[in-house]
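One structure below.
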Amino acid sequence: AARSMVGRLEAVMVTDQFAISDDFSLMEIRVSGIFVKQTIDQIDFEQNFNLKLLSVKREVERRNLIGIATSAMKIIDPLFGSTQLLTGDRVVLFGKMSDFQRFLKFCKHHA
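If you're matching positions, the sequence shown starts at 300 in the working numbering and goes up one per residue.
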């Protein structure tokens, strides 16, 4: 049932997922709703959702050798507590499937 619910929510928010075991997973989740313009410290993924933030990916514009603009995802490194999340950012989180289920339900409710 948990995997089914995550699957339904995944279509909207989860851009990538890797199951580590039956209970633990890595997920890349599109930032939206109340998380936009909040800092990593304000959100506190570990304290509030029991999920570990591993990285933040942000879309940037790059130009190829002939000057054509393309977009690419760039890892923000280093990450600071003051790093503000923007629309379109993606957070990479690690945790239990049950915690992801709760987090995704919270995200959908506050979208």
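For glycine and all other residues, C-beta sits at the position ideal for the given N, C-alpha and C.
Span of the alpha helix (DSSP H) holding residue i?
i	result
residue 397	396 to 408
Measuring straight from C-alpha to C-alpha, what distance separates residue i and residue j?
i	j	result
residue 350	residue 400	11 Å
residue 358	residue 327	14 Å
residue 402	residue 347	9 Å
residue 375	residue 382	9 Å
residue 404	residue 362	38 Å
residue 318	residue 371	25 Å
residue 398	residue 386	23 Å
residue 339	residue 365	37 Å
residue 330	residue 342	12 Å
residue 395	residue 407	18 Å
residue 384	residue 344	13 Å
residue 321	residue 352	20 Å
What residue range does the beta strand (DSSP E) around residue i cover?
i	result
residue 365	Per DSSP, residue 365 belongs to no beta strand (DSSP E) and is neither H nor E.
Determine the closest residue to residue i out of the options, with distance taken between C-alpha atoms.
i	options	result
residue 356	377, 343 and 369	377
residue 314	391, 398, 404 and 409	391
residue 373	366, 380 and 354	354
residue 409	335, 321 and 322	335
residue 388	332, 367 and 368	332
Am I right that residue i and residue j are in contact with their C-beta atoms under 8 Å? What's the rounded C-beta distance?
i	j	result
residue 324	residue 316	6 Å
If we require 3 or more residues per run, which beta strand (DSSP E) segments fall completely within the region 305 to 361? 313 to 318 and 323 to 329
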